[in-house]
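See structure below.
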């Protein structure tokens, strides 16, 4: 009996696991609190790890773009059809609207919340240099990888080459596993090292206070995007938009818990049917949009990027941001289905188009994943709105 009781306790203990968000929040808090009391030797050790991890991440980014974008474009091209094309264009349009809404809001509100001089030298004044450094140059530049991925994806879509397609599918699996098994588990330690160094040099308090303000604004933006999407859906379908949105709330709260668009598909599908969407349309649009429609994720990335740029005192160039948002919409189609997959896929253009270095990328990851549940919930709930719109033009 005693042995049985011990086994039950062990089983209960195993069920208590911190998710990625929990670990990153702990890393942020512990790094900020312990920084001023940490010996310089330990800070240098973490700076060494951060330097190595940053080099590894930089090496992976072009490979990540090729491994994810090329197969995603080939998938869409091979399944060419009117409903697929309409859904893909609608999802891309919704993503762009979300990105531009985020840009306009952040560009007008964030400057009054963020003082550039507070963290202007963000991560650049490291008083505790790493013990050693190691250079791991990438095989190619980010834009080279992006153009190559487009060429490869379109070529596979139209040439119907099974051998090359199999190689690309296997490579995509390698990249997804690399993200899931090496990058994601080490992210909390990487972010801890960044915040520890900033706290040690007296910068973390300003950073965390800004983080809290940004999170609140982004949550309100998520609500605004969903209201906009369902207003359009209600107008097109001639239904009450608030009622349509209310019926999708089970999917929203399920996504908050699962943090996965794929795991929420059954609930999203069920609630979409409640909104009078034809079962064939719902069965096609919902699984597809779980992969290609990431309005909530795009919104977060744009807002967080502007916040980081303002922290550094960098100018917000509208021309650059417009190009960034259009490119981000394409990148989101290829985002892998792992926690934080969207921000990992976006690192390439954050570096190439906005000039983000290792520290800025780490802060982007921390900000993004802290709100990952809400972004996923916004994505899947918006899928229901797109299904309602597509259903309006569906004919048996």
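Residue numbers (the numbering used here): 11 to 406. Ideal Cβ positions, reconstructed from N, Cα and C, are used throughout, including at glycine.
- Per DSSP, reduced to three states, the secondary structure at residue 247 is helical.
- The shortest CA-to-CA distance from residue 265 to any of 254, 52 and 279 is the one to 279.
- A direct Cα-Cα distance of roughly 53 Å separates residue 143 from residue 256.
- Between the C-alpha atoms of residue 262 and residue 290 there is a straight-line separation of about 22 Å.
- In summary, residue 81 is buried, with 16 or more beta-carbon neighbours lying within 10 Å of its beta-carbon over all protein chains present.
- At a Cβ-Cβ threshold of 8 Å, residue 110 and residue 203 do not count as neighbours.
- A distance below 8 Å separates the beta carbons of residue 167 and residue 84.
- For residue 327, no alpha helix (DSSP H) encloses it, and the DSSP letter there is neither H nor E.
- When the beta-carbon positions are compared, residue 271 and residue 390 come within less than 8 Å of each other.
- Residue 112 and residue 313 do touch by the CB rule: their CB atoms are close to 5 Å apart, below 8 Å.
- Between residue 225 and residue 381, the beta carbon gap of about 6 Å places them in contact (Cβ cut-off 8 Å).
- When only Cα atoms are considered, residue 187 and residue 193 end up about 9 Å apart.
- Within the region 229-307, complete alpha helix (DSSP H) segments of at least 4 residues are found at 251-257, 259-268, 275-284 and 289-302, given in chain order.
- Residue ranges of uninterrupted alpha helix (DSSP H) with 4 or more members, entirely inside the region 152-184 and ordered along the chain, are 152-169.
- Judged by DSSP secondary structure, residue 150 falls outside any alpha helix (DSSP H); it is assigned neither H nor E.
- For residue 47, there is no enclosing alpha helix (DSSP H), as DSSP marks it with neither H nor E.
- Between residue 200 and residue 383, the beta carbon gap of about 21 Å keeps them out of contact (Cβ cut-off 8 Å).
- Separation of the CB atoms of residue 124 and residue 379 is rounded to 20 Å, and the pair is thereby denied contact status at 8 Å.
- Of all alpha-carbon atoms in 393, 286 and 376, the one lying nearest the alpha-carbon of residue 196 is that of 376.
- Closest in alpha carbon position to residue 77, among 180, 47, 115 and 103, is 180.
- Counted as a single uninterrupted DSSP element, the alpha helix (DSSP H) harbouring residue 92 occupies residues 92-119.
- Residue 146 is positioned such that its CB atom lies no closer than 8 Å to that of residue 361.
- In this chain, the alpha helix (DSSP H) harbouring residue 364 covers 351-364.
- Shown here for residue 302: same chain residues with a beta carbon closer than 7 Å to its own, the five before and five after excluded, namely 98, 101 and 343 in chain order.
- The C-beta distance from residue 45 to residue 206 rounds to 5 Å, short enough to fall under 8 Å.
- Residue 225 carries a helical assignment under DSSP once its states are collapsed to helix, strand and coil.
- Burial check for residue 36: the Cβ neighbour count within 10 Å stays below 16, so the residue is exposed.
- The C-beta distance from residue 104 to residue 305 rounds to 5 Å, short enough to meet the 8 Å contact threshold.
- By the Cβ neighbour-count rule, residue 365 is exposed, with fewer than 16 other Cβ atoms within 10 Å of its own.
- Per DSSP, reduced to three states, the secondary structure at residue 141 is coil, with no helix or strand assignment.
- For residue 392, the uninterrupted alpha helix (DSSP H) segment begins and ends at 382-402.
- Nearest neighbour of residue 141 by Cα position, chosen from 222, 120, 50 and 79, turns out to be 50.
- For the pair residue 68 and residue 293, the Cα-to-Cα distance works out to about 38 Å.
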